[in-house]
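**Student:** Counting in the working numbering, the sequence shown runs from 5 upward without gaps.
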Amino acid sequence: MTQELRITRPDDWHLHLRDGDMLRAVLPETARHFGRAIIMPNLVPPVVTGAQAAAYRDRILAALPEGMTFEPLMTLYLTEDTDPEDVAAAHAAGLVKAVKLYPAGATTNSQSGVRDFDKVRPVLEKMAEIGLTLCTHGEVTDHAIDIFDREAVFIDRVLDPIRRATPGLRVVMEHITTRNAADYVRSQDRDLGATITTHHLIINRNHILAGGIKPHYYCLPVAKREEHRIALRQAATSGDARFFIGTDSAPHTDANKLLPCGCAGCFTATNTMALLAHVFEEDGALDKLEGFACKHGPAFYRLPENQDQITLVKQAEPVIFPEKIDTKDGPVTVFDPGFAVHWTVA
Ligand code: NCD
Ligand code: ZN
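#1: Identify, in the order they occur along the chain, each residue of the same chain with its Cβ nearer than 6 Å to the Cβ of residue 295, setting aside the five sequence neighbours on each side.
#2: Please give me, in chain order, every unbroken run of the alpha helix (DSSP H) with length at least 4 that falls completely inside the region 252–315.
#3: Does DSSP put residue 74 in a helix, in a strand, or in coil?
#4: Can you tell me where the beta strand (DSSP E) with residue 4 in it begins and where it stops?
#5: Does at least one heavy atom of the ligand ZN sit under 7 Å from the Cβ of residue 177?
#6: Use the C-beta contact count for residue 279: other C-beta atoms within 10 angstroms, 16 or more gives buried, fewer gives exposed.
#7: Can you tell me where the alpha helix (DSSP H) with residue 143 in it begins and where it stops?
#8: Name, in chain order, the residues that DSSP records as bridge partners for residue 43.
#9: What do you get for residue 247, buried or exposed, if any count of 16 or more other CB atoms within 10 angstroms of its CB means buried?
#10: Does the Cβ of residue 26 lie closer than 7 Å to at least one heavy atom of the ligand NCD?
#11: According to DSSP, simplified to helix, strand and coil, what is residue 168?
#12: Beta-carbon separation of residue 284 and residue 292 under 8 Å?
#13: Decide if the region 160–173 is in contact with the region 211–220; the criterion is three or more beta carbon pairs, one per stretch, under 8 Å apart.
#14: Does the distance between the C-beta of residue 111 and the nearest non-hydrogen atom of the ligand NCD fall short of 7 Å?
#15: Counting C-beta neighbours from all protein chains within 10 Å, is the total for residue 265 16 or more, i.e. buried, or is it exposed?
#16: Starting from residue 247, follow the alpha helix (DSSP H) in both directions and report where the run begins and ends.
#17: What residue ranges within the region 168–253 form continuous beta strand (DSSP E) runs of no fewer than 3 residues, ordered along the chain?
#18: What distance in whole Å lies between the Cβ atoms of residue 135 and residue 194, which are believed to be in contact at a cut-off of 8 Å?
#19: So the alpha helix (DSSP H) residue 134 belongs to, where does it begin and stop?
#20: Can the beta-carbon of residue 43 be found closer than 8 Å to that of residue 79?
#21: Considering Cα atoms alone, identify which of 320, 110, 163 is closest to residue 269.
#22: Counting pairs of Cβ atoms below 8 Å between the region 232–243 and the region 309–327, do you hit three or more?
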């Protein structure tokens, strides 16, 4: 018995593609299903200027295999030296769709991020004026704050003050992991949205830490308690247009994950759509999947929805996904949800 679900082609509103050989290996995994993606700028060195974003965009398009279509939606990495006029020009040219705020030291390649939030006020004011979205990595970096509390503290100490000081600034809270974040989004106006990853709908912190340490489930922000995972599921499946998919698919080679100090990131590009179908079906919300994966994101970013469609198929036998993607730098492990999945993209 098969079941079919035809939906608008989805987009990914938070994606790491990297560069070079890694880019060539992972890009088809996203382009196979997704029409567009917001491309994270945390390369080494980061994508800071409009010129760097244009060059990175060209490298992504050059890496796209023959016959595949995909539109990278570029972002700029906000630094304390970012020039508001360069940001405005890159936005006016249609090149960038968002600016990414990384608190310095919060995550992979965030060393060039922001330490003193007052220093980026002129950029944020310019963005509010021109309607350019700010994407936030919402964690404080204060060592006195427990890592499981860093998102909630970021909302109080950094995000809410920035939003109060900058009326009209459009913000996407990226990869939210807590009930606190989902509640904050719901308590605010329509200038605030949030992305939720596939893996945060599936794992809680036990998956990382109980019964042996599982580096492939370690990402930032780190997965929280079960009550938070449930709150994220409720937000994603609610139909509320302020919540949309951003996979945060973040490839690292196994060699870099399986270290005494391993990298943060889950690689979910390959099986995200299948996993989302599973999750939404489990919650009796298959009718809400298209909103979350295909409609709410374009609406927030004021972009048209994709014109073509994909078909999700549920089959009787469990679907076998590749365990790893081969890259010239070594294998990248595909996120394993830990349960049988019967959905696939036709
Ligand atoms: C991301 C990466 O590897 O670039 N890692 C992650 O755990 N999500 C960075 C990020 O988005 O925090
Ligand atoms: Zn990310």
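Even for Gly, the Cβ is constructed at its ideal location relative to N, Cα and C.
**Tutor:** Checking against the coordinates, here is how it stands:
#1: Along the sequence shown, read from residue 1 onward, the residue named residue 295 stands at position 291. Once the five neighbours on either side are set aside, the close Cβ partners of residue 295 are 243.
#2: 258–261, 276–286, 300–305
#3: One-based indexing of the sequence shown puts residue 74 at position 70. It is coil, neither helix nor strand.
#4: In the structure as shown, the chain begins at 5 and stops at 350. Residue 4 is therefore absent and cannot be evaluated.
#5: As a working mapping, residue 177 is identified with position 173 in the sequence shown. No, the ligand ZN has no heavy atom inside 7 Å of this Cβ.
#6: Along the sequence shown, one-based indexing puts residue 279 at 275. So residue 279 counts as buried.
#7: On the sequence shown, residue 143 is found 139 positions in, with the first residue counted as 1. Element bounds for residue 143: n/a, residue is neither H nor E.
#8: Position 39 of the sequence shown holds residue 43. Its beta-bridge partners are 19, 78.
#9: On the sequence shown, residue 247 is found 243 positions in, with the first residue counted as 1. Buried: at least 16 other Cβ atoms inside 10 Å.
#10: Mapped onto the sequence shown, residue 26 falls at position 22. It does not: the Cβ of residue 26 is nowhere closer than 7 Å to a heavy atom of the ligand NCD.
#11: Residue 168 sits at position 164 when you count from the first residue of the sequence shown. DSSP places residue 168 in helix when its eight states are reduced to three.
#12: What you label residue 284 is simply residue 280 of the sequence shown in a count that begins at 1. What you label residue 292 is simply residue 288 of the sequence shown in a count that begins at 1. Cβ atoms of residue 284 and residue 292: closer than 8 Å.
#13: no
#14: As a working note, residue 111 is residue 107 in the sequence shown. Yes, the Cβ of residue 111 comes within 7 Å of a heavy atom of the ligand NCD.
#15: Sequence index remark: in the sequence shown, residue 265 carries index 261 (1-based). By the neighbour-count rule (16 or more Cβ atoms within 10 Å), residue 265 is not buried but exposed.
#16: Residue mapping note: residue 247 aligns to position 243 of the sequence shown, counting from 1. Element bounds for residue 247: not the alpha helix (DSSP H) but the beta strand (DSSP E), 247–249.
#17: 175–177, 196–200, 247–249
#18: For the purposes of this step, residue 194 is taken as residue 190 along the sequence shown, with counting starting at 1. For the purposes of this step, residue 135 is taken as residue 131 along the sequence shown, with counting starting at 1. Rounded, the Cβ-Cβ distance is 13 Å, inconsistent with contact.
#19: The residue you call residue 134 lines up with position 130 of the sequence shown. Segment 125–134, the alpha helix (DSSP H) holding residue 134.
#20: Residue mapping note: residue 43 aligns to position 39 of the sequence shown, counting from 1. Residue mapping note: residue 79 aligns to position 75 of the sequence shown, counting from 1. In contact: residue 43 and residue 79 (Cβ atoms closer than 8 Å).
#21: Counting from one through the sequence shown, the residue named residue 269 turns up at place 265. Closest option to residue 269, Cα to Cα, is 110.
#22: no
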